[in-house]
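Asker: Shown below is the structure under consideration.
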Amino acid sequence: MCPRVADAGLRSRLEKHLSHLVRDRDPYLATAGYFFVRDYIRQDLSQWGSVTVQERKQPPLPLQNLILHLPGQRPQTEPILVGAHYDAVLGSPGADDNASGVAVLLELARWLTQHPPVRPVILVAFDLEEYGLQGSYAFVEAWRSHQRPLRLMLSLEMLGYCDRTPGSQRYPPGLARFYPDRGDFIALVGNLATLPDLIRLSRHINRSGTSCQWLPVPLRGRGVPDTRRSDHVPFWDAGYRAIMVTDTANLRNPHYHQASDRLQTLDLDFLTGVCQGLSMGLTALS
228 MCPRVADAGL RSRLEKHLSH LVRDRDPYLA TAGYFFVRDY IRQDLSQWGS
278 VTVQERKQPP LPLQNLILHL PGQRPQTEPI LVGAHYDAVL GSPGADDNAS
328 GVAVLLELAR WLTQHPPVRP VILVAFDLEE YGLQGSYAFV EAWRSHQRPL
378 RLMLSLEMLG YCDRTPGSQR YPPGLARFYP DRGDFIALVG NLATLPDLIR
428 LSRHINRSGT SCQWLPVPLR GRGVPDTRRS DHVPFWDAGY RAIMVTDTAN
478 LRNPHYHQAS DRLQTLDLDF LTGVCQGLSM GLTALS
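For what it's worth, my numbering labels the leading residue of the sequence shown as 228, then goes sequentially.
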């Protein structure tokens, strides 16, 4: 199930972002692409406000998270954080992993500036996810050191691969009987404290015309290791509410971490629908 009416302008902007983001960009061995992508993200986010850089010095390159704060209608309330990692594994141009998440992050900045949400929103492009979630761990460490509250964290992790073929969707052990066998939905995976938010966000995404499934997991996901593979994990481990938004990665996408993870393999109508649903959900989330 893909969006009933895809926003042509949004689809075109997402495709434009992807045309810049999809390239070899390993932080250490494909540095030209890595620096290009980081600069592209900074410049695009700068249209909507002042972008701050959280930097941690470490050899051979410093870690850099790019951060944009949007005030919301109630600027004194606990903020919502939305993040997506911009690095990629060596040898892969990373269209789905995770240029798709970054492209949606950039369009959420546009949408939330034009349609202010109830709460403040912090948008973060995380560095070094593929090297042990280093960017998100660094962010959580700094955030906790100042004892700052957080309403919710969303990790945008691979959002653009859709396969409507029966049997195209696989699951961790024990879950297949509860969910569809076609890989044509976006998944929300949250810790137990996010259960009300999983329900609310899934409703907004479904209303956009994109099928959405949700899964609450106990014990910070340790019983289902496949749920602990993105930048929401440091937030789970620190006790924050956090949700991973994902097309389920290698449980559906055969191009995961391969040289074939290219723009041509993505379903841009599906990606557009995911972005539309998240936009509406974030605007309304209280």
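Here a beta-carbon is modelled for each residue, glycine too, at the ideal position from N, C-alpha and C.
#1: Just the Cα atoms here: how many angstroms apart are Q341 and E305?
#2: Between Q303, S513 and S435, which lies nearest to D496 when the distance is taken from Cα to Cα?
#3: Over the uninterrupted beta strand (DSSP E) stretch that includes C439, give me the two end residues.
#4: Classify T392 as helix, strand or coil using the three-state DSSP reduction.
#5: Could you tell me which whole alpha helix (DSSP H) segments of length 4 or greater appear in the stretch 362–440?
#6: Are three or more beta carbon pairs between the stretch 319–328 and the stretch 265–278 nearer than 8 Å?
#7: Around the C-beta of H244, are 16 or more other C-beta atoms found within 10 angstroms, so that it is buried, or is it exposed?
#8: Please check the pair V351 and F366, which I expect to be a contact at CB under 8 Å, by giving their CB distance rounded to whole angstroms.
#9: Quick one: residues in its chain with C-beta nearer than 8 Å to the C-beta of M228, no 5 flanking neighbours on either side, listed in chain order?
#10: Please identify the residue among E384, A336 and L288 whose C-alpha is closest to the C-alpha of W275.
#11: Return the chain-ordered list of same chain residues with a C-beta closer than 7 Å to the C-beta of G394, the five sequence neighbours on each side being excluded.
#12: Of all the options F353, D271 and Q291, which has the alpha carbon lying nearest to the alpha carbon of L308?
#13: Measure the C-alpha to C-alpha separation of H312 and R404 and round it to an integer number of angstroms.
#14: Around the C-beta of G470, are 16 or more other C-beta atoms found within 10 angstroms, so that it is buried, or is it exposed?
#15: Tell me which same chain residues have a C-beta within less than 6 Å of the C-beta of S363, skipping the five on either side of it?
#16: Per DSSP, Q291 is paired with what?
#17: At the level of alpha carbons, what is the spacing between W441 and D464?
#18: Give me whichever residues DSSP pairs with T454 in a beta bridge.
#19: Checking the sheet assignment: what are the DSSP bridge partners for H312?
#20: For the beta strand (DSSP E) holding T473, just list the boundary residues, first then last.
#21: Applying the 10 Å Cβ sphere with the 16-neighbour rule, what's the burial state of I426?
#22: Quick check: the Cα distance between L360 and D474, rounded to an integer number of angstroms?
#23: What's the C-alpha gap between A322 and Y261?
#24: Excluding five sequence neighbours on each side, which residues of the same chain lie with their C-beta closer than 6 Å to the C-beta of T510?
Answerer: For this structure:
#1: Within the sequence shown, the letter at position 114 stands for residue 341. Within the sequence shown, the letter at position 78 stands for residue 305. Straight-line Cα distance between these residues: approximately 20 Å.
#2: Your numbering for residue 496 matches position 269 in the sequence shown. Among Q303, S513 and S435, the Cα nearest to that of D496 belongs to S435.
#3: Within the sequence shown, numbered from 1, the residue matching residue 439 stands at position 212. Unbroken beta strand (DSSP E) run through C439: C439 to V444.
#4: Taking the first residue of the sequence shown as position 1, residue 392 is located at position 165. If DSSP states are grouped into helix, strand and coil, T392 belongs with coil.
#5: Within the stretch 362–440, the complete alpha helix (DSSP H) runs of at least 4 residues are 422–434.
#6: Contact fails: fewer than three Cβ-Cβ distances are below 8 Å.
#7: Here residue 244 corresponds to residue number 17 of the sequence shown, with the count starting at 1. Buried.
#8: Against the sequence shown, residue 351 aligns to sequence position 124. Against the sequence shown, residue 366 aligns to sequence position 139. The C-beta separation of V351 from F366 comes to about 6 Å, placing the pair in contact by the 8 Å criterion.
#9: Here residue 228 refers to the residue found at position 1 when the sequence shown is read from its first residue. Confidence at M228 is low in this model, with a pLDDT of 41, below 50, so the placement of that residue is unreliable and no value is reported for it.
#10: Here residue 275 refers to the residue found at position 48 of the sequence shown. Residue A336 is the option with its Cα nearest to W275.
#11: As a first step, residue 394 is located in the sequence shown; it is residue number 167 there, counting from the start. Contacts found: D408.
#12: Here residue 308 refers to the residue found at position 81 of the sequence shown. Cα-wise, what sits closest to L308 is F353.
#13: The sequence position of residue 312 within the sequence shown is 85, counting from 1. The sequence position of residue 404 within the sequence shown is 177, counting from 1. Each residue's Cα considered, the two are about 31 Å apart.
#14: Taking the sequence shown and counting its residues from 1, one reaches residue 470 at position 243. Note on residue identity: the sequence assigns Ile, not Gly, to residue 470. Result: buried.
#15: For the purposes of this step, residue 363 is taken as the residue at position 136 of the sequence shown. Cβ neighbours of S363 beyond the five flanking positions: F353, D458 and P461.
#16: Reading the sequence shown from its first residue, position 64 is the one you call residue 291. Q291 is bridged to E282.
#17: As a first step, residue 441 must be located in the sequence shown, where it is residue number 214. As a first step, residue 464 must be located in the sequence shown, where it is residue number 237. The straight-line gap from Cα to Cα measures roughly 20 Å.
#18: Indexing the sequence shown from 1 puts residue 454 at position 227. According to DSSP, which records beta bridges pairwise, T454 is partnered with nothing at all.
#19: What you label residue 312 is simply residue 85 of the sequence shown in a count that begins at 1. Beta-bridge partners of H312 (DSSP): F353.
#20: Locating residue 473 in the sequence shown gives position 246, counting from the first residue. From DSSP, the beta strand (DSSP E) with T473 extends over A469 to T473.
#21: To locate residue 426, count along the sequence shown from 1; it is residue 199. Its Cβ having fewer than 16 others within 10 Å, I426 is exposed.
#22: Residue numbering aside, residue 360 sits at position 133 when the sequence shown is read from its first letter. Residue numbering aside, residue 474 sits at position 247 when the sequence shown is read from its first letter. Take the alpha-carbon of L360 and the one of D474: they are about 19 Å apart.
#23: Here residue 322 is taken as the residue at index 95 of the sequence shown, counted from 1. Here residue 261 is taken as the residue at index 34 of the sequence shown, counted from 1. Y261 has its alpha-carbon roughly 14 Å from the corresponding atom of A322.
#24: As a first step, residue 510 must be located in the sequence shown, where it is residue number 283. Here the set comprises H342 and P344.
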